[in-house]
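Visitor:
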Amino acid sequence: MDKKCIIIDHDSKNIEILKTLLEKSGKFIILSSFDNFKDSKDFLSSISVDIIFIGFTLPMFNPFNFLDSLNSNPFIVFISDQTDHAFKSFDYNTLDYIKTPLNEEKIEKIEKKLNTINNNSEEKNKSHLYLKSNLKKRKVYTKDIKWVEAFGDYVKVITSKSNIIVLSSLRNFEKKLPTNKFLRIHKSYIINLDKIDNITSKTVEIESSLIPISRNKKADLDKILESN
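Throughout, my numbering is defined as the position within the sequence shown, counted from one, plus 1412.
(1) Under 8 Å, with one C-beta from each stretch per pair, do the stretch 1564 to 1584 and the stretch 1516 to 1534 reach the 3-pair mark?
(2) From the DSSP output, in three-state form, read off residue 1545 for me.
(3) For residue 1426, report the span of its alpha helix (DSSP H) as first-last.
(4) Kindly indicate which three-state DSSP category residue 1482 falls into: helix, strand or coil?
(5) Count the other CB atoms within 10 Å of the CB of residue 1624; is the residue buried (16 or more) or exposed (fewer)?
(6) Tell me the residue span of the beta strand (DSSP E) that contains residue 1446.
(7) Entirely within the stretch 1540 to 1614 and at least 4 residues each: give me those alpha helix (DSSP H) ranges in chain order.
(8) Quick test of your reading: residue 1455 and residue 1415, contact by CB under 8 Å. State the CB separation rounded to the nearest angstrom.
(9) Count the other CB atoms within 10 Å of the CB of residue 1543; is the residue buried (16 or more) or exposed (fewer)?
(10) Find the nearest neighbour of residue 1423 within the set 1590, 1591, 1466 and 1638, judged by alpha-carbon distance.
Put into structure tokens, the structure is as follows:
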């Protein structure tokens, strides 16, 4: 999703350069730009933004006092030709502290940080699922799922408390699970990586149950476990 942002900088040249780079990126919506904190604060009193780009060229003003006065908590990107304030800047919701001159590579770095934050947020939101079974929805924490197996037009969700039959393909159900915790190891099975007790060349053991692993998935599983 494109991020709404404003730019605050006394230097009009810096503003134009940054505008050009952000527009070229296509990931940012520039709502406005300002050369002082007062006008920007008035704007923010009625409009919410995702990111504020602040230049340290603003004379006679402390950006930290300005940030302290805000009621909202957007991401902040500081822009400066020095690093004097870099340490203090991270007392705030700072996404990045970049040195001038600005270029595409520095904007791409900001994009990557945003992508990481978004991905982590999505994974966090997958900490539990509501599974429809027997005409009611049941809340299931993903940490309690041991494995999921194909069951005709359904999937069988094996948890630490019970087994739940859900109308879904295994492929669609896989999309609901956090990718850093679950792996499809067979055309008919998805396992919780944290529940593995033992592994052989052909099976994964979870609480005395043996689950088959496809030959082409064994290397993927080994690679993931080695990296943990």
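Positions of the beta carbon are idealized from the N, C-alpha and C atoms, including for glycine.
Guide: With the given structure in hand:
(1) no
(2) In the sequence shown, counting from the first residue as 1, residue 1545 sits at position 133. Residue 1545: strand per DSSP, three-state reduction.
(3) The residue given as residue 1426 occupies position 14 in the sequence shown. Run containing residue 1426: 1424 to 1437, per the alpha helix (DSSP H) assignment.
(4) Taking the first residue of the sequence shown as 1, we reach residue 1482 at position 70. Here residue 1482 sits in coil by DSSP.
(5) Taking the first residue of the sequence shown as 1, we reach residue 1624 at position 212. Exposed.
(6) Here residue 1446 is taken as the residue at index 34 of the sequence shown, counted from 1. First-last of the beta strand (DSSP E) with residue 1446: 1440 to 1446.
(7) 1582 to 1586
(8) As a first step, residue 1455 must be located in the sequence shown, where it is residue number 43. As a first step, residue 1415 must be located in the sequence shown, where it is residue number 3. Not confirmed; about 16 Å, so no contact.
(9) If you number the sequence shown from 1, residue 1543 lands on position 131. So residue 1543 ends up on the buried side.
(10) Here residue 1423 refers to the residue found at position 11 of the sequence shown. Among 1590, 1591, 1466 and 1638, the Cα nearest to that of residue 1423 belongs to 1466.
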